[in-house]
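The structure appears right after this line, and notes come after that.
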Amino acid sequence: MKRCHVMGLMVALGLQVVVMAGVFLGGVYPLWVGEEIRLETRPVDPRDLFRGNYARLGYDFSTVEASDLRPGDVVYLPLEKQPNEALWRGGEPQAAEPETGLYLRGRVAGQPWSAGNTVKYGIEALFAPKEKALALERQLRDSAVAVVRVAPNGKAALVTVEAKAINN
Amino acid sequence: MQLLGLLRRELRSECRQWVADGDISEDQGNRILARYGTRLDDDADSSLAYKVLVTVAMLFVGLAILLLVSANWEEIPRAVRMLGLIATTITLNLIGIRGYLKQGEGSGWLFLGGISYGASIMLIAQIYHLGEHFPDGLFYWALGVAPMAWLVRSRLLALLMLAVAFLWMGAQGQYTPPWAMVLFLGVAGAIALRAHSGGLLLVVIAVLVSWLNLLLGWVYGDGWGPDFEAGHLSLNMGLLALLYAFSHWAAQSEAHYLRRSGSLVGLWSLRGYLLLLLMFSFREFSEGYLHELVGLADPGLWAGLLAALLASVWVVVRRLGSSGPRLLVMLLPFLLLGIHAFGGTEMARGDAAWLFVVAVNLLALLSAIVLIQEGLKRGLTQYFYSGIVLILLLALMRYLDLFGDYLGAAAMFLVAAAVLYGAARFWRRQHSQEAAGKAVAAGEGQS
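Order-wise, the sequence lines are chains A and B.
Note that this note's numbering has the first sequence beginning at 774, numbered continuously upward.
Note that this note's numbering has the second sequence beginning at 209, numbered continuously upward.
Here it is in structure tokens:
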């Protein structure tokens, strides 16, 4: 009985380790296997109650005008590289996973508002100390570029944010 | 009587004094205290003080860990930060497991381990800028704490799990119905029963009520998100009746912790009932409620009706509670059906709504009288003062909002005064009849 109990406690602890490892691998996986792209972005707003300070990043494709999307729905956004530019742009969001090309996998966040639905792709938060987050906001107010790595399944991870738009 | 169980510490201290003064023997003192699940030599006071202080200290350490995480310590390399926190989580849990296996203690360390585990999830999310769906982090936190809480039957860990799960429910509930709460509520409920914890049981019930309200919100929201409608009040009326039945069932139990949680649930269901009555006693509130009801197809009606029917069957079969409240519980299903059939109709939108308001005000008055009577008859000060406060609040509110203008309000005060006077006369007559009956019985006994 006691042996079973000890085993159970170890399994419970093992579950915690597995979850932590899973969160880590989920976050780091696109960084390992993903293709690096650059997206135009705008920093928005700092502070998270649990996770400290961060700059929230907004993208042109963060808002989707589609009336039939519900909170929690998965959306796929095909990505297109701009000719003569280093930047990539989002195409038309779709419910089905694209068969070819690079795309982002996102999820509809919250209820629709006047401009449409907000979709999150997991590249909206740049964590930094409070002063640095605020400085980043000031520094990147006009133009900023998010360096992102996108895995083949559409999962993306933010690498960094750069101060100026990069042409070519 | 039940409520005294909540004041066990004070009772124990009083009883010790009586024994020291020679008013009662030690055996008598122990027999009195045994009714409330304690005894004269119970050293729970000192261990409780120790436990409370250690728990608060652990909580502060946990908060310090969370603040460290929030401080974005960028100077340390990513891998070192992450591995450091994971190692801390494992170490704290291992110390807790060792303490638990050796002395049956260690839940404080496991509690810290649980906080460290949650902080690790948040830190990893922070290091890799994960921000797609933050409720997932809370879900994994509660999920990871659940098996440990279950295995060591720790109330502290169960409360941590439930608190995190509650936050997850609030955050995830905006996107999808939080079905996984069944798991967390089930685990916490089972721990409360296995660890004989009345306090944890009460928290489980409170979270369960919130969860049911959120689920009903999703039914109203039609898949787009939770909507809070008038029908939620109907659901909560049914749930209050169910809680009333539970509190009286628990009060009859052999288990002290069930009796204690029954007392607490009884108190809070009474307060909830009085609050609902006071809200409905305002004409604007009642009119708004009746106006928004969508008739017999309202999901809130059927959810409330199910709870009210269960409560009715429970109180009738087990003969729970005193006759007045029992009758009210039995009538509630019909009342709900009547209100919903009436609500949303042209009549309800018109002047007929005032009839509903008058009925609620009279019900509030009647409830106050019953509470005062029960309070005096059974020696329950909580009931007595609840009745007094209800009557005074009702009078003050009706005086301020001048229901039915000056003449209408004056008429209502007169009716209320007549009801109160009638009740007082009836009560005094009943009391003198009882006293006469006792005197006759005593006379027959002497002869």
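Cβ atoms here follow ideal geometry from the backbone N, Cα and C, with glycine treated the same way.
Bear in mind that the values here come from a model prediction, so they are computed numbers and not experimental data.
Beta-carbon separation of residue i and residue j under 8 Å?
i, j, result
"B:Trp376", "B:Phe347", "yes"
"A:Ala930", "B:Tyr336", "yes"
"B:Leu410", "B:Leu472", "yes"
"B:Ile399", "B:Ala366", "yes"
"A:Val881", "A:Val848", "yes"
"B:Ile332", "A:Gly800", "yes"
"B:Tyr452", "B:Pro533", "yes"
"B:Ala449", "B:Val395", "no"
"B:Ser156", "B:Gly512", "Absent from the structure is residue 156 of chain B, since the part of chain B shown begins at 209 and ends at 655."
"B:Gly503", "B:His440", "no"
"B:Phe542", "B:Leu498", "no"
"B:Leu320", "B:Gly270", "yes"
"B:Ile577", "B:Leu628", "yes"
"B:Tyr325", "B:Thr299", "no"
"B:Arg363", "B:Leu408", "yes"
"A:Glu904", "A:Leu830", "no"
"A:Gly864", "A:Glu872", "no"
What is the DSSP secondary structure of residue i, counted as helix, strand or coil?
i, result
"A:Ile810", "strand"
"B:Lys585", "helix"
"A:Trp861", "strand"
"A:Val921", "strand"
"B:Ala567", "helix"
"A:Ala869", "coil"
"A:Ala882", "strand"
"A:Ser916", "coil"
"B:Asn301", "helix"
"B:Gly316", "helix"
"A:Val784", "helix"
"B:Ala403", "coil"
"A:Leu909", "helix"
"B:Arg286", "helix"
"A:Leu842", "coil"
"A:Ala936", "coil"
"A:Pro803", "helix"
Within 8 Å (strictly less), CB to CB, does residue i reach chain B?
i, result
"A:Met780", "no"
"A:Leu852", "no"
"A:Gly874", "no"
"A:Arg824", "In this prediction, A:Arg824 has a pLDDT of 47, which is less than 50 and means its spatial position is unreliable; nothing more can be read from the coordinates."
"A:Phe797", "yes"
"A:Arg811", "no"
"A:Val801", "yes"
"A:Phe900", "yes"
"A:Ala930", "yes"
"A:Gln789", "yes"
"A:Arg880", "yes"
"A:Gly786", "Residue identity check: residue 786 of chain A is Leu in the sequence provided, not Gly. Answer yes: the Cβ-Cβ gap between A:Leu786 and chain B drops below 8 Å somewhere."
"A:Val792", "yes"
Could you tell me whether any Cβ in chain A is nearer than 8 Å to the Cβ of residue i?
i, result
"B:Thr297", "yes"
"B:Gly230", "no"
"B:Pro533", "no"
"B:Leu509", "no"
"B:Tyr325", "yes"
"B:Ser328", "yes"
"B:Ile332", "yes"
"B:Thr384", "yes"
"B:Tyr497", "no"
"B:Met290", "yes"
"B:Met209", "At B:Met209 the pLDDT is 47, less than 50, meaning the model places this residue with poor confidence; the figure from the coordinates comes in the next sentence. No - not a single Cβ of chain A is within 8 Å of the one on B:Met209."
"B:Tyr428", "no"
"B:Ile305", "yes"
"B:Asn238", "no"
"B:Tyr593", "no"
Look up residue i in the DSSP assignment and give the residues it is bridged to.
i, result
"A:Tyr894", "Beta-bridge pairing links A:Tyr894 to no other residue."
"A:Tyr876", "A:Pro851"
"A:Leu931", "A:Val921"
"B:Gly321", "Beta-bridge pairing links B:Gly321 to no other residue."
"A:Arg815", "A:Gly831"
"A:Thr836", "A:Thr891"
"B:Val395", "BP columns for B:Val395 are empty, so no partner."
"B:Ala265", "In DSSP, B:Ala265 forms no bridge with anything."
Alpha helix (DSSP H) runs wholly inside the stretch 407 to 471 of chain B, at least 4 long, in chain order: Correct list: 439 to 459.
Run through the stretch 330 to 390 of chain B for me and flag every whole alpha helix (DSSP H) of 4 or more residues, listed as ranges in chain order. As summarised for the stretch 330 to 390 of chain B, the continuous alpha helix (DSSP H) elements at least 4 residues long and confined to that stretch are 343 to 360, 363 to 380, given in chain order.
Hey, which unbroken runs of the alpha helix (DSSP H) at 4 residues or more fall wholly within the stretch 224 to 252 of chain B? Every alpha helix (DSSP H) stretch that sits fully inside the stretch 224 to 252 of chain B and reaches 4 residues is listed by chain position as 234 to 242.
Segments assigned beta strand (DSSP E), at least 3 residues, entirely inside the stretch 479 to 560 of chain B: The stretch 479 to 560 of chain B contains no whole beta strand (DSSP E) run of 3 or more residues.
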